[in-house]
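A.B. asks: Starting off with a structure, shown below.
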Amino acid sequence: GLYDGGVAPRDGCDTSRSDYCGSVDQDNTCLGVRLYQNGDNVFPSSWDDDFVAETYIKMRYLCDDSYTNCINTTDGSEDDEAGICTDNQFTKPDGTPFYNDDGSAQLWFTNYMVQVVPNCNWF
């Protein structure tokens, strides 16, 4: 499956998109996304709870008006979406590309958390 994301202005924010993007180290700051499978009405209590898959997107991509961030959760081989976007972008907690234990690529989750991650030059 595909995920398409970006940095958009929101009502109630104290900082504009352009001010934020101009003040952040875009190559060493990421937007982290973690997906959780906790069941109905059971929400993760913290970023560090057990999660199904995660990805990190550099702010330089999200702050660039000419770039659309598009990621494929797997390699696209099971749904003919390979190569449309960046492949294998979601990884398991151990860092390997996401696939279910049975080898299938369907990514199921009930909750997600998003947070800004500083010093993500490791990604």
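In my numbering, the protein residues as written are 42 to 164.
A virtual CB, placed ideally from N, CA and C, is assigned to each residue, including glycine.
Please read all numbers here as calculations on a predicted model, not as lab measurements.
(1) Assuming tryptophan 88 and arginine 75 make a contact with CB atoms under 8 Å, what is their CB distance in whole Å?
(2) Tell me, which residues are paired with proline 159 by DSSP?
(3) Quick one: what does DSSP say cysteine 111 is sitting in, helix, strand or coil?
(4) Could you check how far apart the C-beta atoms of glutamine 130 and threonine 109 are, in whole angstroms? I think they sit under 8 Å.
(5) Can you tell me the Cα-Cα spacing of leucine 148 and aspartate 135, whole angstroms?
(6) Using CA atoms only, rank isn't needed, just tell me which of Asp66, Cys62, Asp55 and Cys126 is closest to asparagine 162.
C.D. replies: Reading off the structure:
(1) Looking up residue 88 in the sequence shown gives position 47. Looking up residue 75 in the sequence shown gives position 34. Sure, about 7 Å apart at Cβ, within 8 Å.
(2) Locating residue 159 in the sequence shown gives position 118, counting from the first residue. Residue pairing by DSSP puts proline 159 in a beta bridge opposite Thr70.
(3) Start at 1 with the first residue of the sequence shown, and residue 111 comes out as number 70. Reduced to three states, the DSSP call for cysteine 111 is strand.
(4) Within the sequence shown, the letter at position 89 stands for residue 130. Within the sequence shown, the letter at position 68 stands for residue 109. That pair is no contact at about 14 Å.
(5) Along the sequence shown, read from residue 1 onward, the residue named residue 148 stands at position 107. Along the sequence shown, read from residue 1 onward, the residue named residue 135 stands at position 94. Each residue's Cα considered, the two are about 16 Å apart.
(6) In the sequence shown, counting from the first residue as 1, residue 162 sits at position 121. The option with the nearest alpha carbon to asparagine 162 is Asp66.
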